[in-house]
Amino acid sequence: MKAVNFLFFIIFLVIGELIAIVVGAAVHPALGGVLGVGAFFLALLLAIAIKVAYQWERAVILRLGKYSATKGPGLFFIVPILDTAIFVDTRILTMDIPAQQVITRDNVPVSINGVVYFKVSKVEDAIIKVQNYRVAMMQYALTVLRDIIGEMTLDELLSERQRISDQIGKAVEAQAAAWGLDVDTIKLQDIDMPEELKKMMSRQASAEREKRATITKAEGDKEAALNLAAAATTMATSPGAMQLRTLQTIDGLGPTASNTVVLAVPIELMELAKFAGQAFKKQAGT
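For the sequence shown, our numbering assigns the number 5 to the initial residue and increments by one for each residue that follows.
See the structure below:
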């Protein structure tokens, strides 16, 4: 007996006993005693007849084994002995899918587990049309998971997990609706593969990274070679450019007290420097 039923039982019992005491005192003590016993059983029946469903619950009422009504949430009454109230939780329910060994389309053995989020949308169907809707949901989800994963390759399974989860959810939803259930979502969690396959995939990924690094380096070398060739062509066709480049190199050396740098300076560069010096003196004299 729930707390609310016990509370109503005490209230009805106290009222009945008070009536029995008053009647016994006014009419006959024996009659009061009979009424007192009757008040006890009547209070018990009334307390049993009162039911309370929480906000997230619904109660399926079966009268003599036949569906009668759906009650709740809140306070409602049933007919004792004739009625049976079956309470159903209508909140989102979580059900784990245990790890399943599945063979993919490319014959790779994998172990997959997941989780199903669903709720009861039609409580009368969930109670009447299926013996145990939780067990039925789990078994059907397992069957659909094996069937769909068996049609996928390992690459599809690893790269398109969300699409596969949505596909499994739609397939399960079609059957679950007939049982009064509404599938919110199905998520694939862990996908476990044999250790040898994991090592092979790791080596493949490492080789792919090395390949990309080699290609990137080769492209950089190619671009540098093209730039050098273009610079060489420019300097070959423009003697002044070569001379300016030589001056930039000399300027970039800076003061090197501990090192001695020997440069072979072309005669043309010397003449250019001499001409620049004369021009500077002439400008200073004016």
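All residues carry an ideal CB built from backbone N, CA and C; glycine is no exception.
Exclusion of the five residues before and after residue 144 leaves 176 and 179 as the residues of its chain whose Cβ lies within less than 7 Å of its Cβ.
Comparing C-alpha distances from residue 44 to each of 23, 63 and 61 shows the shortest one belongs to 23.
In the DSSP assignment, residue 109 falls outside any beta strand (DSSP E) and carries neither an H nor an E. By the neighbour-count criterion, in which 16 or more other beta carbons inside 10 Å mark a residue as buried, residue 172 falls on the buried side. Residue state for residue 86 is assigned as coil, using DSSP reduced to three classes. In the DSSP assignment, residue 150 falls within the alpha helix (DSSP H) that extends over 137–154. Sorting 187, 125, 184 and 104 by C-alpha distance to the C-alpha of residue 151 places 104 at the top.
DSSP links residue 121 through a beta bridge to 98 and 189. In this structure, the alpha-carbon of residue 26 lies about 49 Å from that of residue 132. By the beta-carbon neighbour count (other beta carbons within 10 angstroms, threshold 16), residue 149 is buried. Look at residue 104 here: in three-state DSSP terms it is strand.
Less than 8 Å divides the Cβ of residue 65 from the Cβ of residue 82.
For residue 71, DSSP records a beta bridge to 66. Separation of residue 168 and residue 214 (C-alpha to C-alpha, rounded to the nearest whole angstrom) is 31 Å.
Residue 76 places its beta carbon 8 Å or farther from that of residue 125. According to DSSP, residue 56 shares a beta bridge with 79. Spanning the alpha carbons of residue 181 and residue 12 requires a straight line of approximately 39 Å.
For residue 129, DSSP records no beta bridge to any residue. Under DSSP, residue 196 takes part in a beta bridge, and its partners are 115.
In the three-state reduction of the DSSP assignment, residue 164 falls in the coil class, being assigned neither a helical nor a strand state. Collapsing the DSSP output to three states places residue 41 in a helix. Annotation: the continuous alpha helix (DSSP H) that includes residue 28 extends over 7–30.
Taking 8 Å as the cut-off, the Cβ atoms of residue 153 and residue 108 count as close. In the structure shown, the three-state DSSP call for residue 176 is helix. The beta carbon of residue 10 sits closer than 6 Å to none of the beta carbons in its chain outside the five residues before and after it. Between residue 193 and residue 102, the alpha-carbon positions lie close to 10 Å from each other.
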